[in-house]
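Residue numbers (the working numbering), protein chains in the order written: chain A, 480 to 562; chain B, 1012 to 1910. For each residue, glycine too, the CB sits at the ideal point set by N, CA and C. All values reported here derive from a predicted model rather than from experimental measurement. Data first, discussion second: the structure below is written as structure tokens.
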Amino acid sequence: MADSHRLQTAAVLLPVFGAMLFVPPLLGVFNVPATIIGIPVVAIYLFSVWIGLIALTFILSRRLGRDDDGTTSDEGKAEDRPR
Amino acid sequence: MISVNLVLIIAVAYVGLLFVLAYVSDKKASQSRSGFLRSPLVYTLSISVYCTSWTFYGAVGSAARTNFEFLAIYIGPTLIFIGWWFILRKLVRIAQRQRITSVADLLSSRFGKSGTLGVLVTLIAVVGTTPYIALQLKAITQSIQVITSASDPGGLSGFDSVSLGFGAAACMALFTILFGTRNVDAKEQHHGVVAAIAFEAVVKLVAFLAVGIFVVFGISGGPMAIYQGAAEAGIDIARSYDFGPRWVAILVLSAAAVLCLPRQFQITVVENSDERHLRTAAWAFPTYLLLMSLFTMPIAIYGLTVLPEGSNPDMFVLTLPLTSGNAGLALFAFIGGFSSATSMIILATIALSIMVSNHIVMPIALRSSESFGNSGTGGVTRLLLNSRRASIGFILFLGFLYFWLSGNSDALAAIGLISFAGVAQFLPAMIAALYWREATVHGAVTGTLIGFLVWAWTMFLPSFASTSPAIAQIISSGPWGIGLLRPQNLFGLSGFDPLVHSVFWSLFLNTAALIGVSLVTRQNALERIQAALFADVFKRRTREQPNFVPGSASASDLYFIAQRVLGGQRAYELFEAFAEESGVSRTQFEPTAETVVRLERELAGSIGAASAHVMLATVMTGRDVSLEEVMQIADETQQVIEYSQELEQTSAELRSTAEALKQANERLRALDSQKDEFLSQVSHEVRTPMTSIRSFSEILLTTDDLKPDERQRFTRTIHEESLRLTKLLDEILDLNALERGEKRWQNGPTLAEAVLDRAIDVCRPMAEQRGLRIYAGPRASEVTVNGDPDRLAQVFINLIANAIKYNVSPDPLVEITSSVGNGHYRVEVSDNGPGIAPADRQRIFEKFSRGGAVTGSIEGGSGLGLTISRQIIMRMDGTLELVAADKGARFAVTLPLWE
């Protein structure tokens, strides 16, 4: 239970954390006129963060999927109330 | 090599392929063999309708002009999808529960099924999407022009871009009408179209990757070589891009757009067939976006390097393969671009046509009751389909008009952002719908309207500046020369990019109005219900409140409506299901609250929440206050709950009362048994003298020859026994009176020592008779107590007599002392007899209890003396107690002094 709570917290905070990586103060650090193997640093940074976030989401969504199956379909429950 | 005819034939053939694909998929779906069509993969691919020709062509152009800016358009949606748990999941759950058909329906439904909001959102969506459709038309015409001009310069002489655009628009309208409006589905899901869109997503991805790989690894020597070549050609590849306000604004806009764009909402939320698909889309869609933008930079840079100055960077994807002589790849790229444009047009027009028909046409039709009343079975369905077909044509015509009016000046990306900013005006209301229960319909309408107006003024209008001198005039000096209202310097705000300026003002004023107005207005009952249903959709116990009172409409009325909207077959199936669930036959079925709720939801799936609500309201036998009644019922329920809480409290009180009663009862039982005991003791006490009186009197009566002295003795015995009996009865009466709290005397100043002396004098003969000494110990001086002399004497005599009677010591002695102290007068009577056994000390003052050690051989004791004495002393506010003594018994009387 506590574990799935942690996962949910992570799922909510991941985009917040991701957004911070994609906006100025942090982004500015990498926005320098330099290149690594001929490619601008900031391009490498942006794509790396992007790939990293996708990987984290992949892991998270699979974990959350395992925990959550019991609670997804309670459609039937709403219907069977007494008159 | 590539003739105009070939291109046109390919384009038409491609659309034909889509047609077949959609047709086959629809057939499969209707036969429930749609396993693959409803897989997470197809769902994710269909979401990729986000990548339009703007991505396909425009991103390269944007990268060539502004370097990294295009990335923001894909990172925004990435953030939304990796945050699927928070927003998308809730959105999808709500949409499935409430049978939401569009973004307009979502907002209208949440804000009390408001028709006004539905109309407003629909209008904004139409206006906001128009530039976007124009953008696709422009991409299609431009790409046709580019791909043919290289090899068939004269081929297009008969077509200018306007007629090409018109042709494309007409072609798309035809396809969309044929496939988007084949039926009115319960959940507005179009499996055939979704399959076609997913297919197009694959085509455009493969085409773009093919071009990218060809450019990077085919004609150039890898990514490093591209950057190297560019550096040699004098292009500053490491030139910095200012990741400033504009970057952030585009991030926000694109994040908003992936939620609010009608077509994205349609594909992500409405066409979602299983909530779990989001799990896959959460990472798969960002991956798709990543792949789509991976080669954008290299293509742009290589294009800038090798293509002549002044070539349109928007068309690098086509021109690079063309100039390197790879016509086949160019044609494939053209098909990719065509795919991305058509998928967007098809889905956007379907989404918009649903909104227009459900939120504009239906309410009007419902208002004019004629068209509703006279149309036959399925009449509403026909009306819906026709209005959708008309609106598809209308929307595409609007797009074409914008394309025609705005001219060729704008780069593709600029037009796309106008659209994004337009639909982003739904975002504040949407977030409020999901998370803020207190948001009111007035707040939502005001906020959205203000946001829309500001957007129209600061962004939409200026996009016509290049074709209209009048508008250019307004931009430079404001309307009627009012500088504060200049569209790109609103309220004098300057120094910002026009996009940032517009996004800031529109979203800021929108949100401020939404919050402000919501805080000062009140929700009506329906809004409160809907707000709770939306905000608490994940709480398991959330129940659907019936909006109508059951029993106010007959089954046939409801069936009539269902038939109109859903068609005969579906209505029949639905009511069969209802009847089966309630366990009665179809004919006996009576609508219950929940069947009405479900019917309303089914209807909402076809005609939108607001229209469904209005429609049901018309047949709920004119009980237009039904909702108020529902709220009243809710209030009553609340009262019942409160009442039952009160009852609980009362029953707790009752329990404690019952407990007290039980204790009292036990006491009563004890008293009752005491009474029985007392009675039996009294009878026993009375019986003894009575027996002797009877036997002696019998002797006197039956025996004639008694000697006179015997006769004398017997008579005296009878007399004595009678006296004893009288005394006993007197004492019982006396005690009875005392115990009832009566006292037959008046307390007054009494000289206690004199009373004590009198008592001693009375007892002295009795003591002398037994050879007992009365030893008068230290005595108090004369004191006055509050009491009655005779009664006090009775007590003293009783105590002294007891001490004399029960003293069996060989040298019997009774000692009497008195003292005054502490405001009290104290008399102690002690003897040197056997004393009182510890076990009897408690009982000694009870009725008929004589000192246990001494059996009844000693004359006279009724067993009531001490009891009466104690009662008398108590009535004088004093105490009579047995005090501890070394030997024998010692009784102490304490009385308060007279003041």
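*How is B:Phe1186 classed by DSSP in three states: helix, strand or coil?*
Taking the first residue of the second sequence as 1, we reach residue 1186 of chain B at position 175. Shown here, B:Phe1186 sits in a helix according to DSSP, grouped into three states.
*Can you list the alpha helix (DSSP H) stretches of 4 or more residues lying completely in the region 1224–1312 of chain B, in chain order?*
Runs of the alpha helix (DSSP H) inside the region 1224–1312 of chain B: 1234–1243, 1256–1271, 1273–1276, 1288–1305.
*Along chain B, which residues have their Cβ under 8 Å away from the Cβ of A:Val491?*
The count along the first sequence starts at 1 and reaches residue 491 of chain A at position 12. What A:Val491 touches in chain B: Gly1094, Trp1096, Phe1097.
_Contact set between A:Leu540 and chain B, taken where Cβ atoms lie within less than 7 Å_ = Translated into the one-based positions of the first sequence, residue 540 of chain A becomes position 61. Reading off the sequence shown, one finds Ser at residue 540 of chain A, where the question assumed Leu. Under the 7 Å cutoff, chain B gives Arg1290, Ala1293, Trp1294.
*Name the one or two DSSP bridge partners that B:Thr1828 has.*
On the second sequence, position 817 is the one that residue 1828 of chain B refers to. As a beta-bridge residue in DSSP terms, B:Thr1828 pairs with B:Glu1839.
*Exposure of B:Leu1520, with buried meaning 16 or more beta-carbon neighbours within 10 Å*: Residue numbering aside, residue 1520 of chain B sits at position 509 when the second sequence is read from its first letter. B:Leu1520 is buried by the Cβ-count criterion.
*Whose C-beta lies closer than 8 Å to the C-beta of B:Val1372 among residues of the same chain, with five residues either side of it excluded?*
For the purposes of this step, residue 1372 of chain B is taken as residue 361 along the second sequence, with counting starting at 1. Leu1394, Leu1395, Ser1398, Ser1402.
_Buried or exposed by the 16-neighbour rule on C-beta atoms within 10 Å, applied to B:Glu1924_ = Residue numbering for chain B in the displayed model covers 1012 to 1910; residue 1924 of chain B lies beyond these limits and cannot be assessed.
*Grab me the residues of B:Thr1532's own chain with a C-beta within less than 6 Å of its C-beta, minus the 5 sequence neighbours each way, in chain order.*
Looking up residue 1532 of chain B in the second sequence gives position 521. Excluding positions up to five away in sequence, the list reads Thr1451, His1453.
*Which word fits B:Glu1659, buried or exposed, when buried means at least 16 other C-beta atoms lie within 10 angstroms of its C-beta?*
Numbered from 1 along the second sequence, position 648 holds the residue referred to as residue 1659 of chain B. Exposed: under 16 other Cβ atoms inside 10 Å.
*Please check if any C-beta of chain A sits within less than 8 Å of the C-beta of B:Val1259.*
Here residue 1259 of chain B refers to the residue found at position 248 when the second sequence is read from its first residue. By the rule that beta-carbons nearer than 8 Å mark a contact, B:Val1259 touches chain A.
*asked:* Could you check whether B:Trp1466 and B:Ala1432 sit closer than 8 Å to each other, using their CB atoms as the reference points?
replied: The sequence position of residue 1432 of chain B within the second sequence is 421, counting from 1. The sequence position of residue 1466 of chain B within the second sequence is 455, counting from 1. Contact flag set, yes.
*Using a C-beta cutoff of 8 Å, does B:Thr1089 count as contacting chain A?*
Along the second sequence, read from residue 1 onward, the residue named residue 1089 of chain B stands at position 78. So yes, B:Thr1089 belongs to the interface.
*Have a look at B:Gln1656, B:Glu1664, B:Glu1793 and flag the residue whose alpha-carbon is nearest the alpha-carbon of B:Ala1763.*
If you number the second sequence from 1, residue 1763 of chain B lands on position 752. B:Ala1763 has its Cα closest to that of B:Glu1793, out of B:Gln1656, B:Glu1664, B:Glu1793.
_Where the alpha helix (DSSP H) through B:Ala1812 begins and ends_ = Residue numbering aside, residue 1812 of chain B sits at position 801 when the second sequence is read from its first letter. Bounds of the alpha helix (DSSP H) holding B:Ala1812 are 1800–1816.
*asked:* Is it buried or exposed, B:Leu1117, if we count other Cβ atoms within 10 angstroms and call 16 or more buried?
replied: Your numbering for residue 1117 of chain B matches position 106 in the second sequence. Residue burial annotation: B:Leu1117 is buried, with at least 16 other C-beta atoms found within 10 angstroms of its C-beta.
*By Cβ distance, which residues of its chain are closer than 8 Å to B:Ser1417, with the 5 residues on each side in sequence left out?*
If you number the second sequence from 1, residue 1417 of chain B lands on position 406. So the qualifying residues of the chain are Pro1142, Ala1145, Ile1426, Ser1474, Phe1475, Ser1477, Thr1478.
*Nearest-angstrom Cα distance between B:Tyr1654 and B:Arg1666?*
For the purposes of this step, residue 1654 of chain B is taken as the residue at position 643 of the second sequence. For the purposes of this step, residue 1666 of chain B is taken as the residue at position 655 of the second sequence. Distance between the alpha carbons of B:Tyr1654 and B:Arg1666 is about 18 Å.
*What residues from chain A crowd round B:Met1235, counting only those whose CB sits closer than 9 Å?*
For the purposes of this step, residue 1235 of chain B is identified with residue 224 of the second sequence, where counting begins at 1. Here the neighbours are Ile516, Gly517, Ile518.
_I need the DSSP call for B:Glu1664, collapsed to helix, strand or coil._
Against the second sequence, residue 1664 of chain B aligns to sequence position 653. B:Glu1664 sits in a helix when the DSSP states are folded into three classes.
*Leaving out five residues before and five after B:Asp1741 in sequence, what residues of the same chain have Cβ atoms less than 7 Å from its Cβ?*
The residue you call residue 1741 of chain B lines up with position 730 of the second sequence. Nothing meets the Cβ criterion.
*Please confirm if B:Leu1082 has its CB atom under 8 Å from at least one CB of chain A.*
On the second sequence, position 71 is the one that residue 1082 of chain B refers to. It does; some Cβ of chain A falls within 8 Å.
*Go ahead and label B:Gln1882 buried or exposed: buried means 16 or more other beta carbons lie within 10 angstroms of its beta carbon, across all protein chains shown.*
Within the second sequence, numbered from 1, the residue matching residue 1882 of chain B stands at position 871. Within 10 angstroms of the beta-carbon of B:Gln1882 lie 16 or more other beta-carbons, which makes it buried.
*Along chain A, which residues have their Cβ under 8 Å away from the Cβ of B:Leu1262?*
Counting from 1 along the second sequence, the entry for residue 1262 of chain B is found at position 251. Under the 8 Å cutoff, chain A gives Ala498, Phe501, Val502.
_Once DSSP output is grouped into helix, strand and coil, what is the label at A:Gly531?_
Counted from its first residue, the first sequence places residue 531 of chain A at position 52. A:Gly531 falls in the helix class under three-state DSSP.
*Apart from the five residues just before and just after B:Asp1508, which ones in its own chain have a Cβ nearer than 6 Å to its Cβ?*
Numbered from 1 along the second sequence, position 497 holds the residue referred to as residue 1508 of chain B. Excluding positions up to five away in sequence, the list reads Arg1257.
*How many angstroms separate the CA atom of B:Tyr1068 from the CA atom of B:Ile1155?*
Mapped onto the second sequence, residue 1068 of chain B falls at position 57. Mapped onto the second sequence, residue 1155 of chain B falls at position 144. B:Tyr1068 and B:Ile1155 have their alpha carbons spaced roughly 13 Å apart.
*Taking A:Gly497 and B:Leu1090 to be in contact with their CB atoms under 8 Å, please state how far apart those CB atoms are, rounded to whole angstroms.*
Taking the first sequence and counting its residues from 1, the one referred to as residue 497 of chain A is at position 18. Taking the second sequence and counting its residues from 1, the one referred to as residue 1090 of chain B is at position 79. Confirmed, Cβ separation roughly 5 Å.
*Proximal residues to A:Val521 (C-beta, below 7 Å), its chain only, five neighbours per side dropped*: Counting from 1 along the first sequence, the entry for residue 521 of chain A is found at position 42. Within the same chain, Cβ atoms closer than 7 Å to the Cβ of A:Val521 are found at Phe509, Asn510, the five residues on either side in sequence being excluded.
*So, does the CB of B:Gln1109 fall closer than 8 Å to a CB anywhere in chain A?*
Counting from 1 along the second sequence, the entry for residue 1109 of chain B is found at position 98. Among the CB atoms of chain A, none fall inside 8 Å of the CB of B:Gln1109.
*Kindly list the residues whose CB is nearer than 6 Å to the CB of B:Thr1388, restricted to its own chain and excluding five residues on each side of it in sequence; keep chain order.*
What you label residue 1388 of chain B is simply residue 377 of the second sequence in a count that begins at 1. Reliability of the predicted coordinates at B:Thr1388 is poor, the pLDDT of 48 falling under 50, and no value is obtained from them.
*Between B:Val1831 and B:Leu1891, what straight-line distance do the alpha-carbon atoms span, to the nearest angstrom?*
Translated into the one-based positions of the second sequence, residue 1831 of chain B becomes position 820. Translated into the one-based positions of the second sequence, residue 1891 of chain B becomes position 880. Rounded to whole angstroms, B:Val1831 to B:Leu1891 spans 16 Å at the Cα level.
_Where B:Pro1234 falls, given that 16 or more other Cβ within 10 Å makes a residue buried_ = By one-based count along the second sequence, residue 1234 of chain B stands at place 223. Taking all protein chains shown into account, B:Pro1234 has 16 or more neighbouring C-beta atoms within 10 Å of its C-beta and is therefore buried.
*Return the residue from the list B:Asn1747, B:Asn1797, B:Gln1780 that minimises the CA-CA distance to B:Gly1912.*
The structure shown does not extend to residue 1912 of chain B, since chain B spans only 1012 to 1910, so no value can be given for it.
*Which residues bound the alpha helix (DSSP H) around B:Pro1374?*
As a position in the second sequence, residue 1374 of chain B is number 363, starting the count at 1. It spans 1373–1378 - the alpha helix (DSSP H) in which B:Pro1374 sits, taken as one unbroken run.
*Using a Cβ cut-off of 7 Å, pull out every chain A residue sitting near B:Gln1239, in sequence order please.*
Position 228 of the second sequence holds residue 1239 of chain B. Residues of chain A passing the Cβ test: Gly517.
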